[in-house]
Structures are given as C-alpha cells and as structure tokens.
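Encoded as structure tokens, the structure appears first; notes follow it.
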Amino acid sequence: MTQGELLYSGKAKTIYLSDKPDELIVSFRDDITAFDGGKKDRLEGKGASNADVSAFLFQLLEKGGVPTHFIKMEDPITMRVKRLSMIPLEVIVRNRAAGSIVRRYPFIEGHIFEKPIIAIDYKDDTRNDPMVNDEIIIALGLMTQEEIQTVRAEALRINEILKSFFESIGIDLIDFKVEFGRYNDRILLGDEISMDSMRLWEKGTHTSLDKDVYRFGKGDVMESYRAVTGRITGSGKL
Ligand SMILES: Nc1ncnc2c1ncn2[C@@H]1O[C@H](COP(=O)(O)OP(=O)(O)OP(=O)(O)O)[C@@H](O)[C@H]1O
Ligand SMILES: [Mg+2]
1 MTQGELLYSG
11 KAKTIYLSDK
21 PDELIVSFRD
31 DITAFDGGKK
41 DRLEGKGASN
51 ADVSAFLFQL
61 LEKGGVPTHF
71 IKMEDPITMR
81 VKRLSMIPLE
91 VIVRNRAAGS
101 IVRRYPFIEG
111 HIFEKPIIAI
121 DYKDDTRNDP
131 MVNDEIIIAL
141 GLMTQEEIQT
151 VRAEALRINE
161 ILKSFFESIG
171 IDLIDFKVEF
181 GRYNDRILLG
191 DEISMDSMRL
201 WEKGTHTSLD
211 KDVYRFGKGD
221 VMESYRAVTG
231 RITGSGKL
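Heads up: the sequence shown at position 31 corresponds to 31 in the UniProt record's numbering, and the numbers run straight through without jumps.
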C-alpha cells in the first residue's frame, strides 16, 4: 500500500491520498469522542472494530445493489476507498425513537415508527449540525431535488438491508447515520457504518451495543464493540 499526503484528520479517522488520484486511504483510529468532542478517549482496538464492521457492511450493501466507496482493506485498520466529493449532510434513518429525537420531540424512547423516518442534518460542528429540509438543501446548493430523492431512496434501501441483516443476528437496528459523496456523475455511499454511527439494541431489549455504551457509561465499551464485531463478521452472511 502507498499512503500519501495527509488530507484530513477528523475525530475518529485520518484520510490520506493514495498512489491513485481517484482513491483515498482511510485509517480508523482508536479515538472515540462524544458530545461534540466534549468526551474523548483512546480505546485500543476500537479502530479495528469499526473498520471491520464498516468493511463488512459496505460489502453486504454492495451485494444488495447499493454502490459504496469501499474498495478493499489494506490492513486491519486501513481501508482503500474511492475519493468522493463529500456532500456535507448527515442522512439519519430512524426505525425507533432514541437519542436526539427523544430529547427534541415528545417521543418515548423505543417508540416504533410506523415507517422509517429520515432526518437530514447539515454537517457543521460550529453550528451544532442543524437539521435541514429539502428547500434548505437546494438553497445551499448541496443537491438538486432529484438528487435528494435519490439519496432518500438509497437511505431507505440501506435501512432495509441492514435491518434484516441485524435481525438475523438477534439485534434491533434502532437508527443510523450515513454520508454520501459524488464520484463522477454518481452519488455513492461514503464514510463509515459502524458502532459509532448506528444505534443497536440487543433484540427485544433496550440494551445498547453501540457508542451509547461509551456516551452514557453503560459498561465496558471495548468488550461491547468486540462482541458486536464478532457477531457481525462471524454471521456468515457475506
Ligand atoms: N470516500 C471519501 N472521500 C472523501 N472524503 C471522505 C470519504 N469518506 C469519508 N470522507 C470524509 O472523511 C472524514 C472522515 O473523518 P472523521 O469521520 O473522523 O471526521 P469527523 O471528525 O467525524 O468530522 P466530520 O464532521 O468531517 O465527519 C469526514 O469528513 C468524511 O466526510
Ligand atoms: Mg465523521
């Protein structure tokens, strides 16, 4: 692997140029943060867990017909991806109420939505990632109405694939966040899908198997991340 110049270092991943202009190298670090960086730690093996799960789920989605940026793993924490021009939006799909939607609106935690709910936030930490609607997305020049429709449909397709996969391993998929980017004329799924970006509960319970374990001190974070990673990658579903 040829790892080039550092392009961006975020809260949990570092992005490097590669030996090819249209490919990047993503390194999943052991850093974990919550509450907009208010809580920070380094947990050995966290990067590898999230990389493993992301790689697995990207491949599962590709098999289901969802185009992603995933190319291959270079080593346990290093992913080669297509270089996208990221659309600075977080597309959040919710099957059940938890997290910010319970704080902001009168939903009871665990409430099952009749249909999955999509909410889109503008990625800007200095503005606390404000929620946007289609008109705001268009006014900001981020996507056309047509592209918004494509992304919404893609998010729901991703949800169907992930939900039934997690069901098969005894886990309820409560919600997740994805990011998309442009690659030539197409919009592809980028970034990561991991315990940092999904809310997962042990089937039929409210027991967290994701970053909420870290956020709210619900137990041994790495024990939980390792156990979930094993259930996902050992599922035999790829
Ligand atoms: N295929 C890709 N091509 C280009 N950039 C990407 C790709 N996949 C993910 N990214 C971007 O790389 C960065 C990943 O780093 P990380 O997730 O650690 O950042 P972060 O601290 O969460 O900050 P951010 O708010 O920018 O996501 C993100 O900005 C993400 O949008
Ligand atoms: Mg990020």
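The C-beta atom is built at its ideal place from N, Cα and C for all residues, glycine as well.
Computed from a predicted model, the values in this text were never measured in an experiment.
- E5 has its alpha-carbon roughly 44 Å from the corresponding atom of G110.
- The beta carbon of I193 lies closer than 6 Å to those of S54, L57 in the same chain, with the five residues before and after it left out.
- Taking 7 Å as the cut-off, the beta carbon of L238 is found closer than this to the beta carbon of Q59.
- In summary, D212 is buried, with 16 or more beta-carbon neighbours lying within 10 Å of its beta-carbon over all protein chains present.
- Selection L209, N159, I108, E154 evaluated against P67 yields E154 as nearest (Cα-Cα).
- Membership of A55 in the alpha helix (DSSP H) is indicated by the continuous run 46 to 63.
- What you get when you keep residues with a C-beta closer than 7 Å to any heavy atom of ligand 2 is G10, K11, A12, K13, D191.
- In the structure shown, N95 adopts extended strand secondary structure according to DSSP, grouped into three states.
- Secondary structure remark: continuous beta strand (DSSP E) runs of at least 3 residues inside the segment 147 to 187, in chain order: 171 to 178, 180 to 183.
- Taking a C-beta distance under 7 Å as the contact criterion, L43 and G181 do not qualify as a contact pair.
- E147 is positioned such that its CB atom lies no closer than 7 Å to that of K123.
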